[in-house]
Amino acid sequence: MEMTNEQGRPIGATGDAVLRTLAMKARGMSGADIERLVREARQKARRAHRQLAFSDVFDLLAAARPQRSQALRWRVAIHEAGHAVARLVLGLGHITSIGIDSPAGGYTEGTTPTMDAETEAFFDGLLAVSLAGRAAEEEFLGSVTAGAGGSPESDMGKATALALAMETELGFAETWSLLYRQAENQSALLAYNPLLADQVNARLEAAYVRVRRLVRRNEDALRLLANALMQHGTLEGAALAAVLQEVRERMMAEPASGG
Numbered sequence: 000m001e002m003t004n005e006q007g008r009p010i011g012a013t014g015d016a017v018l019r020t021l022a023m024k025a026r027g028m029s030g031a032d033i034e035r036l037v038r039e040a041r042q043k044a045r046r047a048h049r050q051l052a053f054s055d056v057f058d059l060l061a062a063a064r065p066q067r068s069q070a071l072r073w074r075v076a077i078h079e080a081g082h083a084v085a086r087l088v089l090g091l092g093h094i095t096s097i098g099i100d101s102p103a104g105g106y107t108e109g110t111t112p113t114m115d116a117e118t119e120a121f122f123d124g125l126l127a128v129s130l131a132g133r134a135a136e137e138e139f140l141g142s143v144t145a146g147a148g149g150s151p152e153s154d155m156g157k158a159t160a161l162a163l164a165m166e167t168e169l170g171f172a173e174t175w176s177l178l179y180r181q182a183e184n185q186s187a188l189l190a191y192n193p194l195l196a197d198q199v200n201a202r203l204e205a206a207y208v209r210v211r212r213l214v215r216r217n218e219d220a221l222r223l224l225a226n227a228l229m230q231h232g233t234l235e236g237a238a239l240a241a242v243l244q245e246v247r248e249r250m251m252a253e254p255a256s257g258g
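Listed below in structure tokens is the structure:
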């Protein structure tokens with residue numbers, strides 16, 4: 000079925016932008032959820048004896064979004080701003096989208112960071128970025144939520160997996176650095192090897208201390224981005240580029256010592 004805009008005209012050259020808008024609005028929903036909403040939108044259009052319109056789908060997607068308090072949205076904005084500012088300060092990848100209103104919560108998306116040499120310092124930076132959202136919450140809100148953890152795909156889950164790999168697979172351990180150990184069962188490996196667990200935790204703690212210091216030094220830049228997220232909900236494209244330019248102008252680089 001052809002989709003039209005609010006004036007009833009078929010969507011033409013702007014179709015990609017329209018679909019991108021709908022995709023962002025549907026971010027975090029399951030395929031079944033989206034299929035159900037599109038089916039409802041089509042039924043609505045049929046009852047009105049007209050073609051499916053952009054507003055039919057958009058309105059249903061908007062209504063399906065979780066209703067969050069402003070206080071919770073602000074927490075999510077602070078969290079995602081922490082991730083983004085840490086990435087910018089450490090020069091790790093290119094940010095393409097930041098949002099705070101998806102069903103699953105907030106997100107910061109971008110290109111995968113790469114370096115000519117995947118050094119220990121590079122991976123330590125990735126650890127810091129993973130923990131930056133939680134650090135920003137603790138620094139500026141005085142508490143943290145469970146949102147940084149809860150699953151292997153969470154911030155803490157990914158950070159722990161990376162820190163473990165650095166100790167067992169990537170050759171960065173202080174002891175047994177040449178011994179390759181494949182970490183297929185992360186939980187068992189950490190549970191039955193307290194020394195390894197201590198080493199992994201030490202990496203995480205060091206990264207967390209570092210990134211708390213980073214977000215504290217960049218409070219002005221971080222709050223600017225968080226306020227923009229509160230206003231727009233989702234930042235991407237030209238709007239994101241403009242805000243990130245302002246953020247960069249207020250950023251402070253890490254001290255040369257990294258301290």
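Position 141 of the sequence shown, counting from 1, maps to 140 under numbering that gives the first Met the number 0, and the rest follow consecutively. All C-beta atoms in this analysis are idealised placements derived from N, C-alpha and C, irrespective of residue type, glycine included.
Distances from the CA of V143 to each of R45, R211 and V84 were compared; the closest alpha carbon is that of R211. Exclusion of the five residues before and after R209 leaves A127 as the residues of its chain whose Cβ lies within less than 6 angstroms of its Cβ. Between the beta-carbon of G104 and that of L221 there is about 18 angstroms, and that puts the pair past the 8 angstroms contact cut.
Bridge partners of L234 according to DSSP: I97.
In the three-state DSSP reduction, A158 falls in the helix class (H, G or I). Under the three-state reduction of DSSP, L203 is assigned to helix. Positions of the alpha helix (DSSP H) runs, each at least 4 residues long and wholly inside the stretch 115–149, are given as 119–140 in order along the chain.
Residue state for G104 is assigned as strand, using DSSP reduced to three classes.
Judged by pairs of C-beta atoms under 8 angstroms, the stretch 70–80 touches the stretch 140–156, as three or more such pairs exist.
Within the model, the alpha-carbon separation for A160 versus V56 is close to 39 angstroms. In this structure, V246 sits away from A85, with a CB-CB distance that is not shorter than 8 angstroms.
At a Cβ-Cβ threshold of 8 angstroms, L203 and L195 do not count as neighbours.
Boundaries of the alpha helix (DSSP H) harbouring H82: Q69 to L89, taken from the DSSP string. Three or more pairs of CB atoms, one per stretch, sit closer than 8 angstroms, so the stretch 85–95 contacts the stretch 106–118. Taking one beta carbon from each stretch, the stretch 117–125 and the stretch 154–169 have 3 or more pairs nearer than 8 angstroms; the two touch. Here A145 is not near Y207, since their CB atoms are 8 angstroms or more apart.
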